[in-house]
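A.B. asks:
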Ligand code: TTP
Ligand code: MG
């Protein structure tokens, strides 16, 4: 049987661990990150505070009541982002097939990894060590052949955990899971399952597909598959922008070439702003025209050079406009496409046998 190799990485008590790292005096005390005001809530708490029942989304006032010595620190998001970027740089040394879930969590598909390491668990161990030595923080890792099990596994031995769910052991592992641990099962769905007498993965497998889809719609199919250890959802890499554009619908139709050409100027100016914002480099310019009868046409020019300035865009846009039929126009748009930095979405890696 051929399997993918998926790793889920999740930093331990992320925000608050960063605070403890940056201010070691906090260590050993119960600490939460959140806004310490009347309506503030806890973003996260360290493990000392969790012992008192302090957790994410709890009102800070309640947290103080549960845990009298609690220290509440205000969040420093730019610092968390910086640490997150350091972690991502490490992850990218192993694969570019990375799906970030939040600042502190990501899936990796290491089936075909950059270092050619055969065992995913070795990669996970190395990543944990690298994160520790670079950021001073611990992460937990889960290793399996699919996203659902890798994520559950990363939670299994937290903090500083490393847990592998081998394909041969998947069903035995799933049997013991509580339904609330399944991907997509929140409090409400778990409640509904409990009403159905379903508490564990083992019991979930006994429910028919028809019943699950009747109860939970499309997700019912996923639950049915998950209970059988089937989860083919790919690791979806970060969104790669293919084009940058802008368009304008006019309050009254434009009828002359000169009116249309005049409207290209503000469009080109806005396009340049957007190209800068997204740091986008492309060699193709597309003029989009919607006529008053809603017919839509596009005209494209591709040249040898990257299109970046108003001076690049305007003559090309005018030429494209001159090629187009002159009829009353309700919308004009300009878009740059044809990325030149070679960034593309990933292709599915070759499946390999050893795991
Ligand atoms: P989590 O990974 O859910 O939590 P955690 O990293 O603090 O703890 P664990 O060891 O269990 O992984 O969330 C990551 C960060 O996201 C967390 O440090 C703070 C932030 N966060 C919020 O701001 N609000 C929330 O409700 C949650 C759940 C997290
Ligand atoms: Mg975390």
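Residue numbers (the numbering used here): 188 to 542. The C-beta atom is built at its ideal place from N, Cα and C for all residues, glycine as well. Treat the numbers as computed from the prediction; the structure is a model and nothing was measured.
What does DSSP give as the partner residue(s) for residue 403 in the beta ladder?
C.D. replies: Within the chain shown, residue 403 is the residue found at index 216, counting from 1. According to DSSP, residue 403 bridges with nothing at all.
A.B. asks: Apply the 10 Å Cβ neighbour rule to residue 537 and answer buried if 16 or more other Cβ atoms are within range, or exposed otherwise.
C.D. replies: Mapped onto the chain shown, residue 537 falls at position 350. Summary for residue 537: the model assigns pLDDT 28, below 50, so the residue's position carries little reliability, and this model does not support an answer.
A.B. asks: Could you tell me whether the stretch 381-388 touches the stretch 330-344, using the rule of 3 or more Cβ pairs below 8 angstroms?
C.D. replies: no
A.B. asks: For residue 260, does the count of other Cβ atoms within 10 angstroms reach 16, so buried, or fall short, so exposed?
C.D. replies: In the chain shown, residue 260 corresponds to position 73, counting from 1. With at least 16 other beta carbons inside 10 angstroms of its own, residue 260 counts as buried.
A.B. asks: Where does the unbroken alpha helix (DSSP H) through residue 508 begin, and where does it stop?
C.D. replies: Within the chain shown, numbered from 1, the residue matching residue 508 stands at position 321. Run containing residue 508: 497-510, per the alpha helix (DSSP H) assignment.
A.B. asks: Taking DSSP as the reference, what is the three-state secondary structure of residue 298?
C.D. replies: As a working mapping, residue 298 is identified with position 111 in the chain shown. Three-state DSSP puts residue 298 in coil, outside helix and strand.
A.B. asks: Would you mind giving the Cβ-Cβ distance between residue 513 and residue 444, rounded to the nearest angstrom? I have them listed as a contact below 8 angstroms.
C.D. replies: Walking along the chain shown from the start, residue 513 turns up at place 326. Walking along the chain shown from the start, residue 444 turns up at place 257. Residue 513 to residue 444, Cβ: 6 angstroms. Contact.
A.B. asks: Where does residue 524 fall in DSSP's three states?
C.D. replies: For the purposes of this step, residue 524 is identified with residue 337 of the chain shown, where counting begins at 1. In this structure, residue 524 counts as strand in the three-state DSSP scheme.
A.B. asks: Please list, following the chain, all residues that have a C-beta closer than 6 angstroms to any non-hydrogen atom of the ligand TTP.
C.D. replies: For the ligand TTP, the selected residues are 197, 198, 199, 200, 201, 202, 230, 231, 243, 244, 289, 291, 292, 345, 346.
A.B. asks: So is residue 303 buried or exposed if we call it buried at 16+ other beta carbons inside 10 Å?
C.D. replies: Counting from one through the chain shown, the residue named residue 303 turns up at place 116. Per the 10 Å Cβ criterion, exposed.
A.B. asks: When the Cα of residue 224 is compared with those of 497, 320, 249, which residue comes out closest?
C.D. replies: Locating residue 224 in the chain shown gives position 37, counting from the first residue. Residue 224 has its Cα closest to that of 249, out of 497, 320, 249.
A.B. asks: Using the three-state DSSP reduction, which class does residue 453 fall into: helix, strand or coil?
C.D. replies: Translated into the one-based positions of the chain shown, residue 453 becomes position 266. Note: residue 453 maps to helix in three-state DSSP.
A.B. asks: Using the Cα positions of residue 433 and residue 479, report the straight-line distance between them to the nearest angstrom.
C.D. replies: As a working mapping, residue 433 is identified with position 246 in the chain shown. As a working mapping, residue 479 is identified with position 292 in the chain shown. One C-alpha to the other measures close to 19 angstroms.
A.B. asks: Count the other C-beta atoms from every protein chain shown that fall within 10 angstroms of the C-beta of residue 217, then say buried if there are 16 or more, exposed otherwise.
C.D. replies: In the chain shown, residue 217 corresponds to position 30, counting from 1. Result: buried.
A.B. asks: Determine the contact status of residue 400 and residue 366, defining contact as a CB-CB distance below 8 angstroms.
C.D. replies: Here residue 400 corresponds to residue number 213 of the chain shown, with the count starting at 1. Here residue 366 corresponds to residue number 179 of the chain shown, with the count starting at 1. Cβ distance not < 8 angstroms, so residue 400 and residue 366 don't count as in contact.
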